[in-house]
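Undergrad:
Protein chains: 2
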Amino acid sequence: MTEPVAVPGTAVRLPVAVDVVALTVAGGDLMVLLATRALEPYRGRPCLPGGFVLDGETLPRAALRELAEETGVDAAGHLEQLATFGPLDRDPRGPVLSVAYLALSPFTGIPRGGGDATAAQWVPYADVPPLAFDHGTILAAGVERARAKLEYSGLATAFCPPEFTIADLRAVYEAVWGVRLDPRNFARKVTGTPGFLVPVATRTGRPGHPATLYRGIADPAAVVLNPPVMRP
Amino acid sequence: MTEPVAVPGTAVRLPVAVDVVALTVAGGDLMVLLATRALEPYRGRPCLPGGFVLDGETLPRAALRELAEETGVDAAGHLEQLATFGPLDRDPRGPVLSVAYLALSPFTGIPRGGGDATAAQWVPYADVPPLAFDHGTILAAGVERARAKLEYSGLATAFCPPEFTIADLRAVYEAVWGVRLDPRNFARKVTGTPGFLVPVATRTGRPGHPATLYRGIADPAAVVLNPPVMRP
DNA sequence: TCTGATGATGTCACTTTGACACAATCAACG
DNA sequence: CGTTGATTGTGTCAAAGTGACATCATCAGA
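Respectively, the protein sequence lines represent chains A and B.
Numbering follows the numbering used here, in which position 92 of the first sequence is assigned residue number 92; successive positions increment by one, without gaps.
Numbering follows the numbering used here, in which position 63 of the second sequence is assigned residue number 295; successive positions increment by one, without gaps.
Next comes the structure, spelled out in structure tokens:
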């Protein structure tokens with residue numbers, strides 16, 4: 001017998017989509033990567049990058065593939081699963097399960113629109129228009145996750161280039177949280193957290209006191225800030 | 233035209249399962265609700281309660297249904313989505329997506345085994361044997377989520393009966409975290425957090441100083457402990 | 001009535017935070 | 001070449017929170 005056991009026939013088989021909340025920080029603003037629907041439904045409406053999982057594909061692979069295909073963005077920074085939405089009442093085509101992912105990366109310039117999306121670009125979170133499907137809900141969940149994780153983990157370095165200053169890191173916190181932080185207390189906190197920042201050089205060549213350049217560690221999400229950095 | 237748009241044919245359609253990490257506290261121990269596989273694969277092996285989502289069913293409804301069918305447990309306490317696993321390399325029957333849920337409830341005695349599970353019972357977390365599928369990984373994620381959430385939310389009351397004492401609440405923290413907490417500092421912390429506990433009565437009828445009975449609030453996960461309770 | 005058990009309240013040193021001032025250093029400008 | 005403005009590192013201080021501990025209050029049962 002070649003197939004001794006099988007999934008019961010009563011089990012529903014659903015198309016599975018991945019949608020990516022890709023965030024970055026630029027110009028003091030928290031930015032969201034948005035695409036535009038090239039096909040029905042919601043044709044022409046802005047949406048999160050994403051698409052259907054293919055046969056034999058894992059979820060994170062599908063998320064990275066859709067991100068690259070639709071926006072040309074290589075999520076080198078950080079990718080984590082966010083939550084799963086659906087399958088009911090979220091797609092006019094019928095029941096669709098959507099596994100949302102959260103991608104954090106340093107700002108690398110304007111993405112190229114490609115694939116089946118007519119355009120893809122970074123948009124300030126405050127200026128995000130109504131999105132297709134339930135992507136507004138997914139985006140809100142992603143931003144809240146990012147905000148919360150900055151408190152108790154070292155994830156903020158995922159937004160930073162390989163080498164960055166304390167001021168750069170503070171700008172990430174200020175953009176994601178939408179608040180102003182005291183530079184001196186912030187520096188005291190992050191430099192006093194063991195295993196968070198590794199000093200690698202001193203930056204000069206611009207006005208002002210020379211700044212220490214730091215490097216994050218390989219897995220910034222593993223850094224535990226205890227006690228956490230607290231938002232005002 | 234009755235079907236103007238449809239899910240593309242390249243999209244894979246997957247059977248979707250829900251698996252539930254149901255936790256409670258009894259006798260000073262963190263307890264996990266385990267079922268036993270009645271069918272192949274993994275027949276006879278312990279596993280988490282769960283099963284396949286049916287047509288027209290939402291994910292949380294499926295989780296509650298499987299919990300009731302397999303164990304007779306009514307997850308009145310708290311139910312939240314945990315994470316999604318798969319679809320590859322987790323089920324010998326082929327690709328299966330599993331959406332895991334976390335259920336927290338007060339201890340209500342021995343569950344009745346029913347449905348297609350030959351037995352269901354609360355097992356101390358420390359004594360959990362190897363589980364079927366990837367349920368060991370799922371269980372570990374659920375316990376870690378519960379441990380983390382006790383730090384910064386009021387979720388611990390989900391483990392408690394409608395009325396409870398500070399000592400009861402502290403027993404929850406000690407069981408979930410596996411540590412001993414100072415009773416006086418703990419009481420100072422939780423009673424000093426606004427919106428966490430509502431005193432409702434004074435309990436007498438047993439030796440010792442009369443204890444104040446408290447009631448949790450409707451949505452304990454919404455209570456924010458800032459600064460959080462920290463594990464030693 | 002005494003005793004042990006249980007829980008509420010209080011004390012104290014130490015740490016961390018929030019809000020400041022100040023010194024150090026460099027590029028750019030005159 | 002000195003001055004200026006900008007930027008960053010270090011320091012101070014009061015207030016709040018925490019960990020560790022002692023004491024008191026109250027009740028059931030011996």
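Positions of the beta carbon are idealized from the N, C-alpha and C atoms, including for glycine.
Please go through the region 144-196 of chain A and give each complete alpha helix (DSSP H) segment of 4 or more residues, from N-terminal end onward.
TA: Those alpha helix (DSSP H) runs which fall completely within the region 144-196 of chain A and span 4+ residues are 166-177 and 183-191.
Undergrad: Quick one: does A:Q121 have its CB under 9 Å from some CB of chain B?
TA: Judged by the 9 Å Cβ criterion, A:Q121 is not in contact with chain B.
Undergrad: For the beta strand (DSSP E) that contains A:T36, what are its first and last residues?
TA: Segment D29 to T36, the beta strand (DSSP E) holding A:T36.
Undergrad: To the nearest angstrom, how far is it from the Cα of A:V200 to the Cα of A:A211?
TA: For A:V200 and A:A211, the distance between alpha carbons rounds to 11 Å.
Undergrad: Residues of chain A with a CB under 8 Å from the CB of B:F284: which are they?
TA: Result: V7, P8, T10, A11 and V12.
Undergrad: Mind checking whether A:L150 and A:C160 have CB atoms under 9 Å apart?
TA: It is not a contact, given that the beta carbons lie outside the stated cut-off.
Undergrad: Can you list, in chain order, the residues of the region 60-83 of chain A whose Cβ is nearer than 8 Å to any Cβ on chain B?
TA: Result list: Q81 and A83.
Undergrad: Which two residues bound the contiguous beta strand (DSSP E) that contains B:R447?
TA: Residues A443 to R447.
Undergrad: Is it the case that the region 290-297 of chain B contacts the region 437-451 of chain B, given that we only count it when at least three CB pairs across the two stretches are under 8 Å?
TA: Touching, no.
Undergrad: With respect to the beta strand (DSSP E) encompassing A:R90, which residues constitute its N-terminal and C-terminal limits?
TA: First-last for A:R90: undefined, no H or E at that position.
Undergrad: Answer with buried or exposed for A:V73, where buried requires no fewer than 16 other C-beta atoms within 10 angstroms of its C-beta.
TA: That one is buried.
Undergrad: Are the beta-carbon atoms belonging to B:A380 and A:A17 less than 9 Å from one another?
TA: No.
Undergrad: With a cut-off of 9 Å, does the C-beta of B:V253 fall near any C-beta of chain A?
TA: Output row for B:V253: interface = no.
Undergrad: In the structure shown, what three-state DSSP assignment does B:P343 receive?
TA: Of the three classes helix, strand and coil, the one that applies to B:P343 here is coil, per DSSP.
Undergrad: List the residues of chain A whose Cβ lies closer than 8 Å to the Cβ of B:P273, in chain order.
TA: Near B:P273 (Cβ distances below 8 Å), the residues of chain A are V5.
Undergrad: Starting from B:L286, trace the alpha helix (DSSP H) in both directions and tell me its first and last residue.
TA: Where B:L286 is concerned, there is no enclosing alpha helix (DSSP H), given that its DSSP letter is neither H nor E.
Undergrad: Using a Cβ cut-off of 7 Å, which residues of the region 98-111 of chain A contact any Cβ in chain B, in chain order?
TA: So the list reads V99, given in the order they occur along the chain.
Undergrad: Quick one: which residues of the region 418-452 of chain B get their C-beta closer than 8 Å to a C-beta of chain A? List them in chain order.
TA: If the cut-off is 8 Å between Cβ atoms, the region 418-452 of chain B has nothing near chain A.
Undergrad: Whole angstroms is fine: what's the gap from A:F184's alpha carbon to B:V404's?
TA: Position check: residue 184 of chain A holds Arg in this sequence, whereas Phe was assumed. Roughly 39 Å separates the two Cα atoms.
Undergrad: Under a CB-based cut-off of 9 Å, is B:N458 close to chain A?
TA: So yes, B:N458 belongs to the interface.
Undergrad: Hey, A:P15 and B:V331 are a contact pair by Cβ (cut 8 Å); roughly how many whole angstroms apart?
TA: Between B:V331 and A:P15 the Cβ distance is about 15 Å, and since that is not below 8 Å, they are no contact.
Undergrad: Which residues of chain B have a Cβ atom closer than 7 Å to the Cβ of A:T58, listed in chain order?
TA: Within chain B, the residues near A:T58 are L320.
Undergrad: In the DSSP assignment, the beta strand (DSSP E) including A:S98 goes from what residue to what residue?
TA: Counting along the chain, the beta strand (DSSP E) containing A:S98 begins and ends at L97 to L104.
Undergrad: Do the region 25-40 of chain A and the region 173-181 of chain A meet, that is, are 3 or more Cβ pairs less than 8 Å apart?
TA: Judged by Cβ distances under 8 Å, the region 25-40 of chain A makes contact with the region 173-181 of chain A, as three or more pairs qualify.
Undergrad: With a threshold of 16 other CB atoms inside 10 Å of the CB of A:A117, please say whether the residue is buried or exposed.
TA: Any reading at A:A117 is ruled out, since the residue's pLDDT is 47, under 50, leaving its predicted position unreliable.
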